[in-house]
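**Student:**
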Amino acid sequence: MQGQPLMPASDAPHPFNQRSADVILRTSDSISFHVHTQILSQASPVFATMFELPQPSPEAPGVATLVRPVIDVSEDSKALEPLLRLCYPVKKAILRQPEDIRPVLEAAIKYDMEWPTEALTRTLTACAPHGPLQVWAIGCRLGLERVARRGAEVFAGSIPVGEREQLILVPRIARILGKMEGISAGQYHRLLQFLRSAEGVEEMEGQMSDRVGEMDSIGRADGNAARIALLDVPFALETTLSQSERDQASIRRAFRFLPFANDGFASIAYPAEGVPAPDIICRCVDGMEFKAHQSILSLWSPVWSARIVAINTTKVGYHPGPPEPHPWDVTPVLELEYSSFTIATLLGICYHQQTQLPTARRDCIDLLAAATKYKIQHVVDLALACWSSLAPRHELYSYFLAHQMGIPAAMTIAAVKSLEHPGAALVHPAQYVEIMEEVPARTYHQILVYHDACSRAVIKALDRGARAWKADTQAKTPVMWTTSDGRCRPHDANGVDQLRIAVRSWLPQLQDGLKKHTIAPKAGHVGSLRKLEAAVGWNGSTTSVLQRLMDIISREIEATIDKVKLNL
């Protein structure tokens, strides 16, 4: 309760409660470890440096003054005690589970403890046969290539050889990704490359690969899993401008279409005579400023409207340059969170001065993010339509960009567009982009799960469509058919039977390709049916029957995919 003295931290058990100790390490769960600086200084150069600094001895109200200096550490007692026991000549803690080892090893690396790090790494590696994915995940999080590799090797050995090259996602990994922060989409992508290339990995069991440095310049799979580094970042096949380069580019482009630019630009005439002078300044995150009208901004955006009301209420003024009188000295400033290029485009649309939307994905998603934040629905709709046209150029990159900006609708658009390509394309080395190192592995896993679910759903949809078509043709097959010149011809039952046989052969091949992820869920399945007509010979009977199959299959696939949801 307020006013009462704070309770002192409780002491750790023996041997970390001895009177001979000369410093206290206090954990995040308020356990005090009384330790000896001489011992820890030998085990950790970090602690050695820390002990050389003057240490405070904090005193809580109502608590007796502490004799020993206290150092607060971020680890809890479950992580610190096993680590300290490794440094002391006492009985060591028994750690058998990867999740128990991880925080202790993380602390050992943090404090640069060489021998404890080696001992804990060996213990963690020994856990691979029982928890290979956990070991891989911890290796990724802590930057330990050998640990990650060992987990990947053991896990690869548990997958039949014929199934590895068909993988587009790692089974049983969802639970790991849900618990483990710090694993990137890039690391997950490299794990998939490793598994798909792990030929003869069973012979590698029990060995620690040292051939990490032998991968080629972009780290692509070459059939030898030992040549794929799981943690090293390969050369990106698509790069983006640095932030400073983008800022400079935005300054150059920001005023191309704007009539309300800064004084340094010539095109400051407004579109019609008699337009009131601007009464607010929009200041972008890169420092660029635009003169605008409070009424127009308030009309377009409820967020801007609320901010403008708050600014006017507090009477915040704008005072640029020298203190001499200036007509804009009292012009309020609206601080905005986006670059001048994004704000220029946004204002250009609001002022009906700009009709051309961004042609680059990054610029488009920035515009969409700004319009979403400021609740400008008209621009949101325009930007989403623009995004739909840009996403097919590189669906995975677009998906990750949308994730970074926090726009689920844009992520869904990119994910749906990815269905036009086989699932195997999503894990191909050529799909790697630098942004994957900044995106959580869980986000990558979600689109892979979505793609796999759509493929499985389409397999079932094809079966339903084929059954419906068979029933439909049996019920509706005409006795006669009409040619293009109006003549009646007898129905070719033999040709239709041949078409049915061809469909029975075509369907399993298509489903097998979907199962192996070599055929896209939204590929031209209907168009591929046209090839069957050539195989059986063209005539009016087969054409009409085939057209019904195409219509049924198309409806089934579309309806089925619409039911599959991208879980974000």
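If you use the UniProt record's numbering, the sequence shown corresponds to residues 1 to 568, in order.
The beta carbon of each residue, even a glycine, is placed where N, CA and C say it ideally should be.
Give the secondary structure of VAL380 by DSSP, where H, G and I count as helix, E and B as strand, and everything else as coil.
**Tutor:** helix
**Student:** Look at the alpha carbon of ASP22 and the alpha carbon of PHE341, and state the distance between them as a whole number of angstroms.
**Tutor:** 59 Å
**Student:** Using the rule of at least 16 other Cβ atoms within 10 Å of the residue's Cβ for burial, across every protein chain shown, is ALA391 buried or exposed?
**Tutor:** buried
**Student:** Let me check understanding here. Comparing Cα to Cα, which of CYS454, THR121, LEU231 lies closest to VAL416?
**Tutor:** CYS454
**Student:** Taking the C-alpha atoms as reference points, what is the distance between ARG164 and PHE155?
**Tutor:** One C-alpha to the other measures close to 11 Å.
**Student:** Near LYS563, which residues of its chain fall below 6 Å by C-beta distance, leaving aside the five closest residues on each side in sequence?
**Tutor:** none
**Student:** Measuring only the C-alpha atoms, how far is ILE311 from MET288?
**Tutor:** Straight-line Cα distance between these residues: approximately 19 Å.
**Student:** Which value, in whole angstroms, describes the spacing of the CA atoms of SER184 and PHE400?
**Tutor:** 12 Å
**Student:** Give the single residue among GLN134, CYS87, HIS130 whose Cα lies nearest to the Cα of TYR111.
**Tutor:** CYS87
**Student:** Do the region 139-148 and the region 77-95 make contact, defined as three or more Cβ pairs closer than 8 Å?
**Tutor:** no
**Student:** In whole angstroms, give me the CA-to-CA distance for LEU368 and ASP286.
**Tutor:** 18 Å
**Student:** For the alpha helix (DSSP H) containing LEU419, list its first residue and its last residue.
**Tutor:** Taken as a continuous stretch (DSSP letters only), LEU419 belongs to no alpha helix (DSSP H), as it is neither H nor E.
**Student:** Does the distance from the C-beta atom of CYS284 to that of TYR351 stay below 8 Å?
**Tutor:** no
**Student:** Quickly, what does DSSP pair SER184 with across the bridge? List them, please.
**Tutor:** PRO440
**Student:** Run the CB neighbour count on ASP385, radius 10 Å, all protein chains shown included, and call it buried at 16 or more, exposed below.
**Tutor:** In the sequence on display, residue 385 carries Ala and not Asp. Answer is exposed; the Cβ neighbour count stays below 16.
**Student:** How would you write the range of the alpha helix (DSSP H) that VAL427 sits in, first residue to last?
**Tutor:** Here VAL427 belongs to no alpha helix (DSSP H), and DSSP marks it neither H nor E.
**Student:** Does the beta-carbon of GLN431 have 16 or more other beta-carbons within 10 angstroms, so that it is buried, or is it exposed?
**Tutor:** Its Cβ being crowded by 16 or more others within 10 Å, GLN431 is buried.
**Student:** Using 10 angstroms around the beta-carbon of ALA559, count the other beta-carbons present and answer buried if the total reaches 16, otherwise exposed.
**Tutor:** exposed
**Student:** Is LEU334 near ILE308, with beta carbons less than 8 Å apart?
**Tutor:** yes
**Student:** Tell me where the alpha helix (DSSP H) around PHE47 begins and ends.
**Tutor:** 45-52
**Student:** Report yes if the CB atom of TRP136 is closer than 8 Å to the CB atom of ALA126, and no otherwise.
**Tutor:** no
**Student:** Just to confirm my understanding: we take ASP72, look at its own chain, exclude 5 residues before and 5 after, and list those with CB closer than 7 Å. What are they?
**Tutor:** ARG26
**Student:** Report all residues from its chain with a CB closer than 7 Å to the CB of PRO13; omit the five preceding and five following residues, and keep chain order.
**Tutor:** none
**Student:** Threshold first: 4 residues or longer. Then list the alpha helix (DSSP H) segments lying entirely within the region 74-139, N to C.
**Tutor:** 77-87, 98-110, 114-126
**Student:** Please report the straight-line C-alpha distance between ARG442 and HIS36, rounded to a whole angstrom.
**Tutor:** 43 Å
**Student:** According to DSSP, which residues form a beta bridge with ILE173?
**Tutor:** None; ILE173 has no bridge partner.
**Student:** Just how far apart, CA to CA, sit HIS319 and ILE365?
**Tutor:** Reliability fails at HIS319, whose pLDDT of 49 lies under 50, so the model's placement of it is uncertain and no value is given.
**Student:** Could you pull the DSSP bridge partners for SER10 from this structure?
**Tutor:** By DSSP's assignment, SER10 forms a beta bridge with ILE31.
**Student:** For the beta strand (DSSP E) that contains LEU334, what are its first and last residues?
**Tutor:** Looking at the DSSP string, the run of the beta strand (DSSP E) that includes LEU334 is 333-335.
**Student:** Quick one: grab the DSSP three-state call for GLU165.
**Tutor:** coil
**Student:** Whose C-alpha, out of LEU84, GLY131, LYS91, PRO132, is nearest the C-alpha of THR117?
**Tutor:** LEU84
**Student:** List the endpoints of the continuous beta strand (DSSP E) containing ASP72.
**Tutor:** Per DSSP, ASP72 is one residue of the beta strand (DSSP E) stretching across 70-72.
**Student:** By alpha-carbon positions, which one of VAL46, LEU299, ARG122, ILE557 ends up nearest to LEU514?
**Tutor:** ILE557
**Student:** Tell me the DSSP secondary structure of ARG393 in three-state form.
**Tutor:** Of the three classes helix, strand and coil, the one that applies to ARG393 here is helix, per DSSP.
**Student:** Distance check for GLN166 and ILE501, CA to CA, integer angstroms please.
**Tutor:** 29 Å
**Student:** Using three-state DSSP, classify CYS284 as helix, strand or coil.
**Tutor:** In the three-state scheme derived from DSSP, where H, G and I count as helix and E and B as strand, CYS284 is classed as coil.
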